[in-house]
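S.K.: Here it is: the structure, laid out below.
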Amino acid sequence: MAGGQVQRPSMEIIIKPDYEAMSREAALIVGRVIREGPRPVIGLATGSTPEGMYHELVRQHRDEGLDFSRATTFNLDEYVGLAPDHPQSYHHYMRHHLFDHVNLNRDRTHLPDGLSEDIPAHCRAYEQAIVEAGGIDVQVLGIGSDGHIGFNEPSSSLGSRTRIKTLTQETIAANARFFATSEQVPRHVITMGVGTIMDSRFCLVLASGGAKADIVARAVEGPVTSMVPASALQFHPRCSLIIDEAAAAKLERAAYYRWIYDHKPDWQRV
Ligand code: PGA
205 MAGGQVQRPS
215 MEIIIKPDYE
225 AMSREAALIV
235 GRVIREGPRP
245 VIGLATGSTP
255 EGMYHELVRQ
265 HRDEGLDFSR
275 ATTFNLDEYV
285 GLAPDHPQSY
295 HHYMRHHLFD
305 HVNLNRDRTH
315 LPDGLSEDIP
325 AHCRAYEQAI
335 VEAGGIDVQV
345 LGIGSDGHIG
355 FNEPSSSLGS
365 RTRIKTLTQE
375 TIAANARFFA
385 TSEQVPRHVI
395 TMGVGTIMDS
405 RFCLVLASGG
415 AKADIVARAV
425 EGPVTSMVPA
435 SALQFHPRCS
445 LIIDEAAAAK
455 LERAAYYRWI
465 YDHKPDWQRV
């Protein structure tokens, strides 16, 4: 992939004016990985944050011929107990926002199976499938208001692998907006672990809006701790955060991150 050998000594923080600019930048990077890799493997995320990025990737496919036919995808997570056709399942989300609109080979799109009868075996097979695909070139991530990546809630082992996880009440409340009542939000999910995410060659974290400002600051500038699983990304050799102004509002060193980005040598650009 482009710039694949570049090892960044720290997280790269890219501050964009608004959600649309954040989404365009993310789609530019993911689009480039899809274009340049012989067999690109893309890690996908759900939630409100990446919707604009998917919209832009679909536009690139339609208007610029972005070809997904060689790509393989792995999603971070899925609710336990929801069938793929449930409107709030992440299978459904992915069809709606991406899969139905681009030329991905469906046999190479992967999401955890929320109806699996043997969850531990399914999780092991999911990890194995990632390895067999050659590992993830770029993993797209959102960040939960409690600091989760994937559905790795606070106190998740920073070495964790794909497994079943119980959601925090904060996440259940945050996701209740997608369900008729919060009682309908599943309590359990299958999620890639923090360790699985850390194995990706490149992590691309998106965050937008003032509600994420606190957790972005804790993840980037706070101590590395399993209480903020996203803080583990400070150890990742190649991690970029693309955030909008509102999500950047509580970063102490925002001026320095802008300075770095503005003076980045061309060879370091993704
Ligand atoms: P959101 O979720 O994009 O809907 O804010 C982010 C997350 O929970 O990872």
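Each residue of the sequence shown is one higher than the one before, starting from 205 at the first, in the numbering used here.
Just so you know, even glycine gets a beta-carbon here, dropped at the ideal spot from N, CA and C.
Please read these numbers as outputs of a predicted model, since none were measured by experiment.
Where do the ends of the beta strand (DSSP E) carrying TYR310 lie?
M.R.: According to the sequence shown, residue 310 is Arg rather than Tyr. Run containing ARG310: none; DSSP gives neither H nor E here.
S.K.: From SER320 to THR400, what distance separates their C-alpha atoms?
M.R.: If I take the Cα positions, the gap works out to 20 Å.
S.K.: Which one of HIS305, GLN343, THR277, ALA417 has the shortest CA to CA distance from ARG263?
M.R.: Comparing Cα positions, the closest option is HIS305.
S.K.: From this set, ILE447, VAL432, GLU449, VAL428, which residue's C-alpha is nearest PHE439's C-alpha?
M.R.: Ranking the options by Cα distance to PHE439, first place goes to VAL428.
S.K.: Cα separation between GLU387 and PRO254?
M.R.: If I take the Cα positions, the gap works out to 25 Å.
S.K.: Quick one: what's got a C-beta closer than 7 Å to ASP271's C-beta in the same chain, skipping five residues either side?
M.R.: Taken in chain order, the residues that qualify are ASN307.
S.K.: Would you please state the rounded distance, in angstroms, between the beta carbons of ILE246 and VAL342? I believe it to be under 8 Å.
M.R.: Contact holds; Cβ gap of about 6 Å.
S.K.: Answer with buried or exposed for TYR460, where buried requires no fewer than 16 other C-beta atoms within 10 angstroms of its C-beta.
M.R.: With fewer than 16 other Cβ atoms within 10 Å, it is exposed.
S.K.: Report the rounded CA-to-CA distance for ILE419 versus ALA434, giving the unit in angstroms.
M.R.: Straight-line Cα distance between these residues: approximately 9 Å.
S.K.: Under a Cβ-count criterion, where at least 16 other Cβ atoms within 10 Å of its own Cβ denotes burial, should SER360 be classed as buried or exposed?
M.R.: Counting Cβ neighbours within 10 Å, SER360 comes out buried, since at least 16 surround it.
S.K.: The ligand PGA and THR370: does the residue's C-beta get closer than 6 Å to at least one heavy atom of that ligand?
M.R.: It does not: the Cβ of THR370 is nowhere closer than 6 Å to a heavy atom of the ligand PGA.
S.K.: By the 10 Å Cβ neighbour count, where 16 or more other Cβ atoms means buried, how is ASP466 classified, buried or exposed?
M.R.: So ASP466 ends up on the exposed side.
S.K.: Look up CYS407 in the DSSP assignment and give the residues it is bridged to.
M.R.: GLN343, CYS443, per the DSSP bridge assignment.
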